[in-house]
Amino acid sequence: MATLRKVCVSAGGNLYRADHPELPKNTYITCMPQAHKILYDPIVYGTKLRRRALECSKAFLKIALNTVPGFKRLGSREISEIVVLRGSLGYQFNTAFEQLFNRYLPQCFVGARRFRISKDEFGADIYYTNFEALPENGFLFTGDTIATGASLGQTLSVTRSELRERDYGVQKLLVFSIAASFNGCARLLEWEERFREWWPDFDIHLFVAEALFGLADNGTDLLFRREGEAIVPQETKRRVEQLYGDYETGFLPGNMCAIFDWGDRNFKPERHLEDVVKFARGSMKAARDSTSKEVLNRISRDAKLALKRLNQPLIKR
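Numbering (the numbering used here), first residue to last: -2 to 314.
Printed below as a string of C-alpha cells:
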C-alpha cells in the first residue's frame, strides 16, 4: 500500500513523496504544469513536444536542487547524464543544464534496444556504450519514459560494470520520467541494492511526473487507472476526471495511454498520429460514457488534421 506525503519545494508545482515497499526510498511524484500538456494532449508531437519536454527537464532540475542532498554543491566534473538512446534525447538535459546553470553537461551514451520475449515480458539489448564522461564518485542522472523497465535495467547493468572496471565510486543516481509505470520503477529497488553491494552509501532518487502509472497487459501502455499498480495523487485524479470522465468508472482513465510511444512522438510523428487515430477508432465501440466518446472523436479529428499538415510542403508556392 502506497502513502503519499506532500513535500514543499520552491520550484513550483506540488511534489509528493511516495512510500511503497517495492520502490526506492527516495521516490517522488511531481505534479508539474509543464508535463500536463504532454500527458493530457496526445496531439502534441515533434518540435512542440520537445519544447515542452525541455521545460519539464528544467523544472525537474530545479526540484532536484531543492530535494537531493549535495546536488547544489556539485561541480561540472562531478556529474554526468546517462543518455539512453534514443528516448533520453527527447528530454534535452544538455540544453536544460546550459539554460539553467550556464554550464556544459558531461554525457555518457548507452544504446538500448527493447525486444519482446513473450506476450507480457520484454528484454533489452545494449548495442553501444560511451562512458568517456563518467565521473569519479559523482552523481549520475538520466531521463526517459519507463514502461517495463527493461531498457533502464540493462543501462544500469552496463553502467555498474563500467564503474567497477574503472574502480570508480558513485554517490547517487537521479532518474526523471515524464511517464513511468509502477512496475518498471519497482525494478529500480533491486538495482539500488545491487549498486550498494559495491558502494554502500549509494542511493537512487526517482522523480516521475503526475503519477506512477499502471502498465497495460501489452507491456507498453501507461494507464491512469489500474488496480494494484497506479499510484495517483488526488489532484491528478481531479485533472483526469475533468478531461476524461469519472476516474473510477470512465473508459479512458483505464484504457488510454498517457504517453503513447515516446520515441514516435519525438522522432516519427506520423506513426504516432496514426496510432492515435487507430486507438480512437478501436475504442469508440468499447466506450460507454459520453465523455469518453467526445474525447475520442476530438483526438481522432485533431490527429487526422495534424497528419494532413505533416504532408504539406515545407514552402508553399
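Ideal placement from N, C-alpha and C gives every residue a C-beta, glycine not left out.
Its chain contains R268 and H269 as the residues whose beta carbon lies nearer than 6 Å to that of D261, once the 5 sequence neighbours on both sides are disregarded; these appear in chain order. For the pair K45 and C53, the Cα-to-Cα distance works out to about 13 Å. Distance from the CA of S287 to the CA of V41, rounded to the nearest whole angstrom, comes to 24 Å. Between E207 and A32, the C-beta gap is smaller than 7 Å, which places the two residues in contact.
Counted as a single uninterrupted DSSP element, the stretch harbouring E226 is not any alpha helix (DSSP H), since DSSP gives it neither H nor E. H17 sits in coil when the DSSP states are folded into three classes, being neither helix nor strand. Restricted to the region 0 to 79, the alpha helix (DSSP H) segments that are unbroken, complete and at least 4 residues in length are 30 to 36 and 43 to 64, listed in chain order. Fewer than three pairs of CB atoms, one per stretch, sit closer than 8 Å, so the region 219 to 235 makes no contact with the region 272 to 281. In the three-state reduction of the DSSP assignment, N127 falls in the strand class. Under the three-state reduction of DSSP output, C182 falls in the helix class.
The beta carbon of R100 sits closer than 7 Å to the beta carbons of S73 and F94 from its chain, once the five residues preceding and following it are set aside; these are given in chain order. Using a C-beta cut-off of 8 Å, the region 69 to 84 makes no contact with the region 278 to 296, since fewer than three inter-stretch Cβ pairs fall below that distance. F98 carries a helical assignment under DSSP once its states are collapsed to helix, strand and coil. With contacts defined by Cβ atoms closer than 7 Å, P21 and E189 form a contacting pair. Take the alpha-carbon of F264 and the one of L1: they are about 35 Å apart.
The alpha-carbon of L219 is positioned some 20 Å away from that of T139. Under the DSSP assignment, G211 falls in the beta strand (DSSP E) whose first and last residues are L209 to L212. Beta-bridge partners of G108 (DSSP): L82 and Y125. Contact between Q151 and I123 holds: CB atoms are separated by about 5 Å, below the 8 Å threshold. Of the candidates P39, K3, N11 and T24, the residue whose Cα lies closest to the Cα of A277 is P39.
Cβ neighbours of H17 within its own chain (closer than 6 Å, five residues either side excluded): A(-1). The distance from the Cβ of L185 to that of I201 is about 5 Å, consistent with a contact at the 8 Å cut-off. When the five nearest sequence neighbours on each side are left out, the beta carbons in the same chain lying within less than 8 Å of the beta carbon of S85 are those of E78, I79, T139, G140 and D141, in order along the chain.
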